[in-house]
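Colleague: Pasting in a structure now, in structure tokens, and then I'll have a few things to ask.
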Amino acid sequence: MAAKKDERIKIILLGDSAVGKTNRPQQMSTFALTLFSYDAEIDGKKVPVDFWDTAGQERFNSMHPSYYYNAHCCILVFDVTRKVTYMNLNTWYKELQDARKGIPVIVVANKIDVDYKVTERSFAFAGKKGAPFFFASASDGTNVVQIFEEAIKAGMEFNEKPPQDFVSDVLSLLAEDWGDKKQ
């Protein structure tokens, strides 16, 4: 039993602390919360989108599994000025795939505004995972809109054909049961 299709798209931001994840959704939303809501228009269709930010929890090098629950796409961010954040992408990717197998991922090399020459470098991680890759600057807005549009489209496709996921099915059934009892 696959999870019920919902029109709302959940996009999660993931990566080490201080890589610039929080600046990204703030450019798409006026809400300064851990949950940023945005009504996108993709191919003439209005799509409600929730961007979930980690709110600093990633400093513990692990996220609670509920963060990944019902996510439709992940924007995986690293800081081009801190090599360790790139090296940690494998850890974040593994945790993500363990919690939400098959979820689309977009890899973002952030903070290119510090030194634009970094865009001449090659980063192999995204290619090895078959993920789209973007150079970006949350500070000056470079590629921010393109990244979110790509994430929303990938999330919409993933939402159309969600994977068979036992944990999600159980949690959905419990949520339905809980809703029935509240009425």
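The sequence shown runs 9 to 191 under this note's numbering. Built from N, CA and C at the ideal position, the CB exists for glycine as well. On a predicted model such as this, the values are computed, not experimentally measured, just so you know.
With DSSP as the reference, please indicate the residues paired to I83 in a beta bridge.
Modeller: In the sequence shown, counting from the first residue as 1, residue 83 sits at position 75. For I83, which the question treats as bridged, DSSP gives the partners L21, I114.
Colleague: Using the three-state DSSP reduction, which class does A48 fall into: helix, strand or coil?
Modeller: Residue mapping note: residue 48 aligns to position 40 of the sequence shown, counting from 1. A48: strand per DSSP, three-state reduction.
Colleague: Determine whether the Cβ of L179 lies closer than 8 angstroms to any Cβ atom of chain B.
Modeller: Within the model displayed, chain B is absent; a lone protein chain is all it includes.
Colleague: Is it true that the CB of K18 sits closer than 8 angstroms to the CB of A79?
Modeller: Reading the sequence shown from its first residue, position 71 is the one you call residue 79. Reading the sequence shown from its first residue, position 10 is the one you call residue 18. Cβ distance < 8 angstroms, so A79 and K18 count as in contact.
Colleague: How close, in whole Å, do the beta carbons of P140 and I114 come, if the pair is a contact with beta carbons under 8 angstroms?
Modeller: For the purposes of this step, residue 140 is taken as the residue at position 132 of the sequence shown. For the purposes of this step, residue 114 is taken as the residue at position 106 of the sequence shown. Confirmed, about 5 angstroms.
Colleague: Let me check understanding here. Comparing Cα to Cα, which of D61, I50, V55 lies closest to F44?
Modeller: By one-based count along the sequence shown, residue 44 stands at place 36. Residue D61 is the option with its Cα nearest to F44.
Colleague: Quick one: what does DSSP say P56 is sitting in, helix, strand or coil?
Modeller: For the purposes of this step, residue 56 is identified with residue 48 of the sequence shown, where counting begins at 1. Three-state result, P56: strand.
Colleague: Classify M164: buried if its beta carbon has 16 or more other beta carbons within 10 angstroms, exposed otherwise.
Modeller: Position 156 of the sequence shown, counting from 1, holds the residue named residue 164. Buried.
Colleague: Thinking just about the alpha-carbon of each residue, which of D58, K53, F156, T89 is nearest to the one in Y124?
Modeller: Taking the sequence shown and counting its residues from 1, the one referred to as residue 124 is at position 116. It is T89.
Colleague: Quick check on this structure: which residue in V126, S147, Y101, L179 has the alpha carbon closest to the alpha carbon of L84?
Modeller: In the sequence shown, counting from the first residue as 1, residue 84 sits at position 76. The option with the nearest alpha carbon to L84 is Y101.
Colleague: Rounded to a whole number of angstroms, what is the C-alpha to C-alpha distance between E158 and N151?
Modeller: Mapped onto the sequence shown, residue 158 falls at position 150. Mapped onto the sequence shown, residue 151 falls at position 143. One C-alpha to the other measures close to 10 angstroms.
Colleague: Rounded to whole angstroms, how far is the Cβ of E15 from the Cβ of P56, which I believe are closer than 8 angstroms?
Modeller: Taking the first residue of the sequence shown as position 1, residue 15 is located at position 7. Taking the first residue of the sequence shown as position 1, residue 56 is located at position 48. Yes, they are in contact, since the Cβ atoms of E15 and P56 sit about 6 angstroms apart, within 8 angstroms.
Colleague: What residues in its chain sit with their C-beta under 6 angstroms from that of Y94, if we drop five residues either side in the sequence?
Modeller: Start at 1 with the first residue of the sequence shown, and residue 94 comes out as number 86. Cβ within range, chain order: F86.
Colleague: Is the beta carbon of D160 sitting closer than 8 angstroms to the one on I20?
Modeller: As a first step, residue 160 is located in the sequence shown; it is residue number 152 there, counting from the start. As a first step, residue 20 is located in the sequence shown; it is residue number 12 there, counting from the start. The amino acid occupying residue 160 in the given sequence is Ile; Asp does not appear at that position. No. Outside cutoff.
Colleague: Between the beta-carbon of F142 and the beta-carbon of Q154, is there less than 8 angstroms?
Modeller: Numbered from 1 along the sequence shown, position 134 holds the residue referred to as residue 142. Numbered from 1 along the sequence shown, position 146 holds the residue referred to as residue 154. Contact: yes.
Colleague: Among M71, A183, F59, which one has its Cα closest to the Cα of A107?
Modeller: By 1-based counting over the sequence shown, the position of residue 107 is 99. Per the Cα distances, M71.
Colleague: For A162, count neighbouring Cβ atoms within 10 angstroms of its own Cβ and tell me buried if that reaches 16, exposed if not.
Modeller: On the sequence shown, position 154 is the one that residue 162 refers to. Label assigned to A162: buried.
Colleague: Expressed to the nearest angstrom, what Euclidean distance is found between the alpha-carbon atoms of L179 and A132?
Modeller: Counting from 1 along the sequence shown, the entry for residue 179 is found at position 171. Counting from 1 along the sequence shown, the entry for residue 132 is found at position 124. The alpha-carbon atoms of L179 and A132 are separated by roughly 36 angstroms.
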